[in-house]
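What follows is a single structure, written as structure tokens, with notes after it.
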Amino acid sequence: MAKKVATKKTVKKSSARIFDNMQSPFSVYWENKNYLLLASAVALLVIGYILLSVDPWYSGTSLVAAPLVLLIAYLVLVPLAILLSGKAKKEESTEESPAE
Numbered sequence: 293m294a295k296k297v298a299t300k301k302t303v304k305k306s307s308a309r310i311f312d313n314m315q316s317p318f319s320v321y322w323e324n325k326n327y328l329l330l331a332s333a334v335a336l337l338v339i340g341y342i343l344l345s346v347d348p349w350y351s352g353t354s355l356v357a358a359p360l361v362l363l364i365a366y367l368v369l370v371p372l373a374i375l376l377s378g379k380a381k382k383e384e385s386t387e388e389s390p391a392e
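Numbering-wise (the numbering used here), the sequence shown opens with residue 293 and increments by one.
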């Protein structure tokens, strides 16, 4: 009779079980709205740099509009995407519900 030989598949399954219970650290804090804010910030940054490259360099879009768009993206949207958390609001709303 042939002996049963342990295959690599059984080893992979046991190592895969270790990582099944692990969560990403970003899943605790980041929600879909955070990713949407970050994506919109990146899109606004691209638009700002495109406006910055418009010829001639002394035009109104290059000197006024592009820096304003970039400031909004860097100073408003990126910090909002990082700092805005919906988990605390959910916890507060469950605590405020009246006990019956």
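From the three backbone atoms N, C-alpha and C, an ideal C-beta is built for every residue, glycine too. From a predicted model like this one, the values you see are computed outputs, not experimental measurements.
If L362 sits next to L330, beta carbons under 8 Å apart, how far is it from one beta carbon to the other, in whole angstroms?
-> Counted from its first residue, the sequence shown places residue 362 at position 70. Counted from its first residue, the sequence shown places residue 330 at position 38. The Cβ separation is near 16 Å, so there is no contact.
Pick out whichever of P317, K295 and A333 has its Cα sitting closest to the Cα of I364.
-> Walking along the sequence shown from the start, residue 364 turns up at place 72. Residue nearest to I364 within the set P317, K295 and A333 is A333 (criterion: CA-CA distance).
Does DSSP put N326 in a helix, in a strand, or in coil?
-> Counting from 1 along the sequence shown, the entry for residue 326 is found at position 34. Note: N326 maps to helix in three-state DSSP.
What residue does the alpha helix (DSSP H) around P371 start on, and which one ends it?
-> Residue mapping note: residue 371 aligns to position 79 of the sequence shown, counting from 1. Per DSSP, P371 belongs to the alpha helix (DSSP H) from V370 to L375.
Is A365 near the ligand NAD, judged by its Cβ being under 7 Å from some heavy atom?
-> Absent from the structure shown: the ligand NAD. Ligands present: none.
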